[in-house]
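K.L.:
Structure provided below as structure tokens; questions to follow.
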Amino acid sequence: SCNRWSLIIGLVIIVALSVGAWFLSPKGENQTIWRNTLILSFASCYIMWAITFLAQWHPLIEPRMAKLRHGYLGGS
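Following UniProt numbering from start to finish, the sequence shown increments by one per residue and tops out at 76.
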């Protein structure tokens, strides 16, 4: 089951990966590019995952099927 801990655990993982990218990026003239690329990629992936997660956790629109017979309650 999903709950708010999924978002918090995901955020902690992304922060840990970002800190790792900050300190473990290759030294040299492209170090800033490496850091920015990795941290922005981690943040973007987390934001996309969080939006998708929240959209399924608390949907704004409830799905309906118009083709069902009147009174049909579902089942297998």
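Glycine included, every Cβ here is placed at the ideal spot set by N, Cα and C.
1) Just verifying my parser: in three-state terms, what is the DSSP assignment at Ile-61?
2) Look at the alpha carbon of Ser-44 and the alpha carbon of Val-12, and state the distance between them as a whole number of angstroms.
3) What residue does the alpha helix (DSSP H) around Ser-18 start on, and which one ends it?
4) Tell whether a beta-carbon distance below 8 angstroms holds between Ala-16 and Ile-39.
5) Does DSSP put Asn-30 in a helix, a strand or coil?
P.N.:
A quick look at the data gives this:
1) Taking the sequence shown and counting its residues from 1, one reaches residue 61 at position 61. DSSP, read as helix, strand or coil, puts Ile-61 in coil.
2) By 1-based counting over the sequence shown, the position of residue 44 is 44. By 1-based counting over the sequence shown, the position of residue 12 is 12. Distance between the alpha carbons of Ser-44 and Val-12 is about 15 angstroms.
3) Translated into the one-based positions of the sequence shown, residue 18 becomes position 18. Looking at the DSSP string, the run of the alpha helix (DSSP H) that includes Ser-18 is 4-24.
4) The residue labelled residue 16 in the question sits at position 16 within the sequence shown. The residue labelled residue 39 in the question sits at position 39 within the sequence shown. In this structure, Ile-39 does not lie closer than 8 angstroms to Ala-16 by Cβ.
5) The sequence position of residue 30 within the sequence shown is 30, counting from 1. Coil, per DSSP.
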